[in-house]
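Just so we're aligned, residue 1 is where the sequence shown starts under full-length UniProt numbering, counting upward by one.
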Amino acid sequence: GASSTPSPLALSQDVPSGGSVRGWSRYLGVRLHPKSLYVVRQYMQDGDCGCLEAFGQGESLLQDPGCVEELEDRLHFYVEECDYLQGFQVLCDLHDGFSGVGAKVTELLCDEYSGKGILSWGLTPASSNVGSFSGWIFLLQDSQKNVYSLMNTALGIVRLSSHSSLFCPLSLRETLGVK
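If you want it as structure tokens, here you go:
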């Protein structure tokens, strides 16, 4: 007979059909196991800290012992399900604070699973300028964002490649952020 227990890949919440949607993740059609998601609450749209825009901000997220413990619990849940664990794949943005998160995650994986392969994919956006602004204050802000993006990309490449078996940057641009 049919089992009444939900499959391990059952989603804890259905995709909303209407109403107010506050993030792209509400439209995610793939059903994910609840343990595969970790929400960084302070950097949500209505969070306390605003944008996760600097490498150090992302890296500092995983300095919190509670966050590291939660991440390790979720990771061990999946590792224990493996018959033969060969390695890990890490995908992260390079141009923002997620480069720091990815660097710290690969460092933790390297320390905890030293004999396993780590394939890291560093992602950069197709374009750096979302819109065109007029006025010197917007040009200054745009310039500051470009500097952050370049620094995040450089730090992310260095740190991800140092803790990965193979690092592969991915971009639709001709360069990785350098104009």
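Just so you know, even glycine gets a beta-carbon here, dropped at the ideal spot from N, CA and C.
1) In its own chain, which residues sit with a C-beta less than 6 Å from the C-beta of W121, not counting the 5 before and 5 after it?
2) With a cut-off of 8 Å, do at least 3 Cβ pairs link the region 140-158 to the region 106-116?
3) Please classify L32: does DSSP put it in a helix, a strand, or coil?
4) Quick check on S164: does DSSP put it in helix, strand or coil?
5) By Cβ distance, which residues of its chain are closer than 6 Å to C110, with the 5 residues on each side in sequence left out?
6) Work out the CA separation of F88 and E80 for me, nearest whole Å.
7) Please name the residue or residues paired with V90 in a DSSP beta bridge.
8) Classify G102 as buried or exposed, calling it buried when 16 or more other Cβ atoms lie within 10 Å of its own Cβ.
9) Tell me the DSSP bridge mates of L170?
10) From what residue to what residue does the alpha helix (DSSP H) around V105 run?
11) Tell me whether G97 is buried or exposed, calling it buried when 16 or more other Cβ atoms sit within 10 Å of its Cβ.
For this structure:
1) Excluding sequence neighbours, W121 sits near L91, C168 and L170.
2) no
3) coil
4) coil
5) H163
6) 14 Å
7) S120
8) buried
9) L123
10) F98 to E112
11) buried
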